[in-house]
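Quick note, the sequence shown lines up with residues -22 to -1, 1 to 74 if you use mature numbering (1 follows the signal peptide of the UniProt record, and there is no 0).
Note that the Cβ used here is the ideal one computed from N, Cα and C, for glycine as well.
Input: a single structure, listed below in structure tokens.
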Amino acid sequence: MTAMLTTILSLISALVPAGTNAALIEKIVAALIQIVPVVVKEYRDLVPIVRNIIGALKADPSTTAAQLEQLQQLEVEWDADFEAAAAAAIAEDGAS
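As structure tokens, this is what we get:
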């Protein structure tokens, strides 16, 4: 699964600077919304790739205001999920 997600994220990373448009960005945002929960739960080593994609999309002038809002919301949810996972890990370590 890691190899598949890495390949998908690499493909998305290659698409971002390659002359994106609002329609392509919409598809990338939709894919990220699907992928991020899996990355948060299982594949933390892929976090930098996802963060780079989000950053590149936010900087792309083709990104619409609605897409920027989706990306910002995705980041908020992402951060909350990581904080919850870190708290759970600390609590688990304390219970051991």
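Contacts around T(-3), its chain only, beta-carbon distance under 7 Å, and the 5 residues preceding and following it disregarded: Only D38, S40 meet the Cβ criterion.
Unbroken alpha helix (DSSP H) run spanning L35, endpoints: 25 to 37 is the span of the alpha helix (DSSP H), which, as asked, contains L35.
Cβ separation of L49 and V(-7), assumed to be a contact under 8 Å, to the nearest whole Å: At roughly 12 Å, the Cβ-Cβ gap does not stay under 8 Å, so L49 and V(-7) are not in contact.
Beta carbon of I27 nearer than 7 Å to that of L2: Cβ distance not < 7 Å, so I27 and L2 don't count as in contact.
Cβ shell of Y21 (< 8 Å), same chain only, five flanking positions each side left out: For Y21, where only same-chain residues beyond five positions count, the Cβ hits under 8 Å are M(-22), T(-21), L(-18).
Three-way DSSP call (helix, strand, coil) for P(-6) in this model: Judged by DSSP in its simplified three-state form, P(-6) adopts coil rather than helix or strand.
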